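Per the numbering used here, residue 36 is the first one in the sequence shown, and the count goes up by one each step. No residue lacks a Cβ here, since even glycine has one placed at the ideal position from N, Cα and C. Just so you know, these numbers come straight off a predicted model, no measurement behind them.
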Amino acid sequence: MIEVLAVETATGKTAWSAEIAAAPSSRGLAATAIGADEILAPQVIGVDSGTALVTAADTTYAVELSAGTVRWSKPDFRAVTFADGVVAGGEKTGFGAGRLLGVAAATGEQRWTVAEARQPAAAAPRLLSATLADKTLVVDAVSGEQRVALDGSGWRCRHDAQSLVLCSKYGYREADRGITVFDTASVQKRWALPDGSGRKVPKVNGFWHGAVYGEVGGEPIVLDGTTGQDRQTSAGAAPYEIDRYGGVAGSTFHRAAG
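Set out below in structure tokens:
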């Protein structure tokens, strides 16, 4: 069973709760991590018009908030993002095979698909990323339109919780490292590394409100997310979990300045 619990943010009191019978795979396939984050645990992806979209293992559920009942469920489908009435993610189509899929949050009906794309991950409130052959795609979650195609797999895309998306990859060889930053709304590229200048490509740990927190040779560094220029070359830390209160680097919490 899967338990979904809603609480009042002001008081912490339970608003409603529901127990969902875990749905079996529609293809008889064992539960594996469909998403790039390799999470199987239950997650709330979004809430829309009285419906909560919940994903657990390989199944996505639409839960009616007022009654705590399941409106629809889709086995072998792992949702990762929700926008404008469409919940999008990855669907397992066979052993080692999959596709990207967008479905209507109200009914579960298919809206769009990208065949053979796998390892979906949320890139921004309206964007998701996935691997397709030897490329990493960034796709519009509502329409399924491809917005960006990056050479090679292994790119991880993240939102700065404002207006930018950063996609990065980091390997042992310089040729396996890269950063690309683009506007969330227009999906126009702002800057990228390598850029031919000889600058080393940092290992990106975090991205928050226009600041790129990374490491070069094990030393923390901060880049300007809008321009890619160095903001701090002797930063005290390069946190990987960040919010308005501060960030976590290693096992230490660093409070935000100002």
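>> Is it buried or exposed, residue 217, if we count other Cβ atoms within 10 angstroms and call 16 or more buried?
In response: Buried: at least 16 other Cβ atoms inside 10 Å.
>> The beta strand (DSSP E) that contains residue 255, what's its start and end?
In response: In the DSSP assignment, residue 255 falls within the beta strand (DSSP E) that extends over 254-259.
>> Just to confirm, is the Cβ distance from residue 159 to residue 95 under 8 Å?
In response: Here residue 159 is not near residue 95, since their CB atoms are 8 Å or more apart.
> Is the CB-CB distance between residue 106 and residue 114 below 8 Å?
Replying inline: Cβ distance not < 8 Å, so residue 106 and residue 114 don't count as in contact.
> For residue 275, which beta-bridge partners are listed by DSSP?
Replying inline: The partner list for residue 275 (beta bridge, DSSP) is empty, contrary to what the question assumes.
>> So, for residue 38: in the same chain, excluding its five sequence neighbours on each side, which residues have a beta-carbon less than 6 Å away from its beta-carbon?
In response: Cβ within range, chain order: 54.
>> For a test of the three-state rule: what should DSSP assign to residue 53, helix, strand or coil?
In response: Residue 53: strand per DSSP, three-state reduction.
>> Is the separation between the beta-carbon of residue 176 and that of residue 161 shorter than 8 Å?
In response: The Cβ atoms of residue 176 and residue 161 lie closer than 8 Å to each other.
>> Out of 190, 197, 226 and 223, which one is the CA nearest neighbour of residue 212?
In response: Residue nearest to residue 212 within the set 190, 197, 226 and 223 is 190 (criterion: CA-CA distance).
> Where does residue 207 land, buried or exposed, given buried means 16+ other C-beta within 10 angstroms?
Replying inline: Exposed is the label assigned to residue 207, since fewer than 16 other Cβ atoms lie within 10 Å of its Cβ.
> Within the chosen definition, does the region 186-200 reach the region 239-255 through at least 3 CB pairs nearer than 8 Å?
Replying inline: For the pair of segments examined, the region 186-200 was found to touch the region 239-255: the number of CB pairs separated by less than 8 Å reaches three.
>> Using a 10 Å radius around the Cβ and a threshold of 16 neighbouring Cβ atoms, would you call residue 269 buried or exposed?
In response: Exposed, because fewer than 16 other Cβ atoms sit within 10 Å of the Cβ of residue 269.
>> Tell me the rounded alpha-carbon separation between residue 272 and residue 145.
In response: If you draw a straight line from the Cα of residue 272 to the Cα of residue 145, it comes to about 44 Å.
> How about residue 116 and residue 163: do their beta carbons lie closer than 8 Å?
Replying inline: Yes; because the gap between Cβ atoms is below 8 Å, this pair is in contact.
> Between the region 220-236 and the region 248-265, do three or more beta carbon pairs fall short of 8 Å?
Replying inline: Yes, the region 220-236 touches the region 248-265.
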